[in-house]
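Residue numbers (our numbering), protein chains in the order written: chain Z, 1 to 341; chain U, 1001 to 1341; chain L, 2001 to 2402; chain V, 3001 to 3402.
The beta carbon of each residue, even a glycine, is placed where N, CA and C say it ideally should be.
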């Protein structure tokens, strides 16, 4: 029993954190808010060069053949940086979904370009009404009646659906499923799509941990400096206790996310329960951290010019994406209370 | 629009409060814990002499012909005193149930004795597995298949079922419904029993307000006196804010209880929603006050010798009686969300 | 106890309802832009022309002498008709009560009618970069000069000040006095020399805040409200009002709760397949919906309970009592319920909740998300909820000061 | 990362499970009475005889040199088998860690074996009437005398002290030193002259607390633990342990969560008609049950999440790191989850919840109500949760002291 990451995994986290600290400051996130949905990605080429974009691709396609345990801390860092680029859909979901589901011809055509970061691939699973970053994708993986379709942009009509998180470029995708777009069917497709959903929920949870920690860091710094009534507001018990509870929630959520990474990497049969634990706790911890962060900041946190809202809005939208906390609790209840596997 | 009690109602409250302050100190409540279930009631004769025990009975039976608006503040005071006597079942439920449902012969036989306090009458409605104070009752009103039965002790077998609130003498009542015990049937009985349940829920809510306020009073006094770290613990924000929130919850619950009293007294068609509002908020406010009171007291509140637990346990058992907060919210949801009357 | 309204009150309600249902504009743009604000001003001028702008004021100032109960009725009908929050509120709800209590006859006659008519728009100028929760830390100053005062310093978080003509707020007139002393309440035109108003955006992107810089801006003696150096007392008349009854009638929350119930009915019936995550089992969706159900009914109940609390308070006010620290109970209640109510709506909307107002698929034009972000300000402004809890603990429960 | 247990660990689990399932007594009375306590001591002596009393201790003292992971496994199996909380815990979990760190070889050899064997029972003596959260306010004194010390003063809230042979606790040896200095840690036999132990009842009526009065009670020099005037440091070794990992392994909560799931399954199937309030509509009962469902699954999840937090901590400890203020995170987590878990059970039981252990109809012998009342102590003892939040804020987040 050793519930910790390897030195290699921690080193990769460190390197990614350094890169994002340098290349993805808040100004970059704000620039993404103002950019059109098809603007080329800014940090992406460097993440690709580092191997991160293709890390989940098999090595024969130029990837690193890594799994969710290797991804977990990387995703936490992208959350911490509020990275406005589709690592979640592309690296955490699409690449493994293609590698495990599609035929050799298809993999040959797409995985090398995806691993190298040349072709962005995004995903629209059933239940998600909009697709993130469809406007800059070379390929959109879409679920339809338990089938997996891979659709090129020329076969889709996109309607922008602006999110309150301006860095998140959502679109409604209209398309017609045809045999040429169908890449997987039957029980295999169904299982692969279930796994893709769980990967999405896990990856979102991992990012939420980073988002929540950044919200806490910003707030702790602020309340140490801000004085009222002649003392730092961080010295008031009312502020301390709110922040302490938010911290406890994050500390409890984080091991759940790591446990979900393990369950996915090891293909454990009760994977869904572990993923739902991760998403439920991470969603609540991040939404709670957002509420606490704003309340402890007071008015300044409520201004658009101050950076806090960039992370608050990311916390809100990701808390709702891939199933919110209540949905995941209901899924666990079905498994545990009704005794179904 | 005048949402306030009359001077007469406030005066009755004052008089009852005075009586209970004198005759029902914590030592009296503790004595009731130690007493057998058939011990004669101690404060009852004085409450009867004052007219309180019979206040809901028609005047021709020696009562005062008063309604729930007159009862509300009296019940709050019995909660404040943790009165260990069955005013709730006897005065708030049984007397009006008999007066409105039973024939003249039956009323003649029982209501005068009940109003004078000579015969205690208690109630067991469907859904309540145990009956309070059956051991000292001369008559038990029991619900069976939408019928109302009035059963004398000789026709029942009682098994004591001790509650954690030792002043509450619960019993399982075994009996056989026979035509001689049946006092009401049909739609009239059904409506009367529904009303009886709502009266029970309202009366419990009203008592809970008094229980919650007493818990707050004891706690506020304690945290003003108790010092730690060289200052009163009541000067710490963590203590202040817990108590402030408990106070807000009580302040919101109290008008709901008064609104329910009005709905019952005026026989409003949406009575059930108002009663459920009262019971839901009062249950949560009292349970919350109990939690806050104990936490702000620290260890001393956890000791049996200190009086706090007498009120905490009353708060817990009454929060669960006649439908807990979640059950009443679900009833309101059925009425409001599903559009049923 | 009598909870029915009088025939006169019911007639008042019927008249208000009829007028509002016929006249409340549909699809007003948000007020946080030059264009949007102008449209809101037009609406409030129309409201005034019909006599509904300040119903509880004397007729002489543009009101209709309505009782406080009638005012509550008006507020209920106003929001039930779907009318928007008042852009004049920092004048009519904040400054006006202080004017009624501390103003001179000349000030009332000069200031109130154009305020009621939405011809002169008023912003509030209290907070400063260093004075938020700790309002008494105000450091902007007013120095005596011929016939008036010269203002120096900075105000911030002044809602709508970019679009307003005047500001009311506190300045330090006696720097040697203790913190709460030596402050004076001024009524300041915003178009004079030495004043710069710099708008900035709030959380939802609307340009709704401003900071205001004073560089020897002149304000005349006739625009001092109340006694010099007694501004704190004047301000407390305003906060008693801001935090309490006048600004936060239950009407807005009752209306929002009804819309939430409507949203619940729409979402449980409409495309639950499209707007919910995948599930192989019906049981999941079912249990999930039940959770929503409880959150929705809690919000509905909270709005009703807050209404009852307010009606009891109003009864006391009508009987001649005054509103004291109880207003902090109200503030804690409405600010928390508003947030829970909007959170329940967002939870119902699931993945649709994140859409902004410009998204073609946004449910109800994105109003729930906007309402949620607005509600988040509730526990912060008008005295943070931490301050309010201190007030409840110290002034209502009698706990010792920190 | 490797979450599977080794073959040796699995073998350890199998052995522990087999022995516990065969030997855990059914229907032990509550330990809060003379008779009940004696029965618990017999059980723990049996546990010791089989080598399961203190698995993580060296064999020389009665343990089996188990690793910390094996200790966690043992705790899981112990509670899953339905075994009761340890009446020896204030010795084996609180005093022993301090003895291992600060004791002399002589003290360890003399004290640990009979402690492990449940032959000498230890109570804790920290709190005083004036020293609760503010533990450094201790005013009981120890004064130098020939070969030892004379104790004067009063301790209180000493759990099980009425039934114990000895007490460990802090006394002031240098009244002139600052608050945290000048305290010394003593090991005190409770049967000597000058000591009076006065038992009193806790919330649930069990006689489980005691106050202890010292009137020039003698304690010998060999019963001083750690250096004179350095008792605070010794005590912190104990609290790090009391508040953290050793006392609160996840085993108890995991077992309680499984029992809660079982209770849920029993209550949704069994006599829902009898144990629920009247309702004319199925919809009400249905929505109500769904609310229970969410509370039950939250409790189950909380226990699992706490287990994961603990496993990460254990991995760090095995890697040689020490447990610092993180133990306050654990304490906040387990104390709150224990309370929510038992509240969920009482909500499931509805009107059956209030039955005491003597009621013939009490579900599971009234264990849920008793567990709830026990859980209420969690946020109070071993450092109130208010103190723990201060620790998290100040020592983990770096916020300034009050």
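Who does residue i pair with in a DSSP beta bridge?
i: residue 3155/V; result: 3212/V
i: residue 3189/V; result: 3166/V
i: residue 2198/L; result: 2211/L
i: residue 3122/V; result: 3166/V
i: residue 144/Z; result: 147/Z
In its own chain, which residues sit with a C-beta less than 6 angstroms from the C-beta of residue i, not counting the 5 before and 5 after it?
i: residue 1177/U; result: 1144 and 1149
i: residue 57/Z; result: 63, 95, 111 and 115
i: residue 2199/L; result: 2162, 2207 and 2210
i: residue 1164/U; result: 1313
i: residue 331/Z; result: 276
i: residue 2043/L; result: 2025
i: residue 1151/U; result: 1140, 1142, 1175 and 1181
i: residue 3244/V; result: Here the model assigns residue 3244/V a pLDDT of 45, short of 50, so the residue's position is not dependable, and the following value carries that caveat. Closer than 6 angstroms at Cβ, skipping near neighbours: 3323, 3327 and 3330.
i: residue 2136/L; result: 2179 and 2180
Within its chain, find whatever has a CB closer than 8 angstroms to the CB of residue i; leave out the 5 residues flanking it on each side and keep chain order.
i: residue 1341/U; result: A caution first: residue 1341/U carries a pLDDT of 41, below 50, which makes its placement in the model too unreliable to give a value.
i: residue 2368/L; result: 2263, 2342, 2345, 2346, 2349 and 2353
i: residue 210/Z; result: 75, 76, 77, 78, 79, 80 and 81
Do the CB positions of residue i and residue j come within less than 8 angstroms of each other?
i: residue 3152/V; j: residue 3208/V; result: no
i: residue 3237/V; j: residue 3101/V; result: yes
i: residue 1001/U; j: residue 2012/L; result: no
i: residue 2204/L; j: residue 2089/L; result: no
i: residue 83/Z; j: residue 24/Z; result: yes
i: residue 213/Z; j: residue 250/Z; result: yes
i: residue 3340/V; j: residue 3302/V; result: yes
i: residue 2355/L; j: residue 161/Z; result: yes
i: residue 107/Z; j: residue 98/Z; result: yes
i: residue 376/Z; j: residue 216/Z; result: Past the boundaries of the shown model lies residue 376/Z; chain Z is included only from 1 to 341, so the question cannot be answered.
i: residue 1414/U; j: residue 1321/U; result: Past the boundaries of the shown model lies residue 1414/U; chain U is included only from 1001 to 1341, so the question cannot be answered.
Among the residues of its own chain, which have a CB less than 7 angstroms from the CB of residue i, if the five just before and after it don't count?
i: residue 2216/L; result: 2150, 2152 and 2194
i: residue 3048/V; result: 3062, 3116, 3117 and 3118
i: residue 2147/L; result: 2220 and 2221
i: residue 3078/V; result: 3020 and 3251
i: residue 2384/L; result: 2133
i: residue 2071/L; result: 2055 and 2056
Would the C-beta of residue i count as close to the ligand SAH, meaning under 7 angstroms from any of its heavy atoms?
i: residue 1320/U; result: With respect to small molecules bound, the structure shown includes none, and the ligand SAH cannot be examined in it.
Inter-stretch contact (C-beta, 8 angstroms, three-pair minimum) for the segment 229-246 of chain Z and the segment 296-313 of chain Z: yes
Segment contact flag, the segment 168-184 of chain Z with the segment 121-133 of chain Z, C-beta cutoff 8 angstroms, min 3 pairs: yes
Interfacial residues, the segment 3147-3164 of chain V to chain U, with Cβ spacing under 7 angstroms: 3157
Contact list for the segment 274-288 of chain Z against chain L, Cβ threshold 7 angstroms: none
At least 3 beta-carbon pairs within less than 8 angstroms: the segment 1322-1333 of chain U vs the segment 1253-1262 of chain U: no
Touch test, the segment 12-28 of chain Z against the segment 68-82 of chain Z, Cβ-Cβ under 8 angstroms, three pairs minimum: yes
Residues of the segment 1169-1180 of chain U whose Cβ lies closer than 7 angstroms to any Cβ of chain V, in chain order: 1172
Members of the segment 2100-2117 of chain L that neighbour chain U once the beta carbon cut-off is set at 8 angstroms: none
Interface residues of the segment 228-250 of chain Z facing chain U [CB-CB below 8 angstroms]: 236, 237, 238 and 241
The segment 2344-2367 of chain L: positions lying closer than 9 angstroms to chain Z by Cβ: 2346, 2347, 2349, 2350, 2351, 2352, 2353, 2354, 2355, 2356, 2357, 2358, 2359, 2360, 2361, 2362 and 2366
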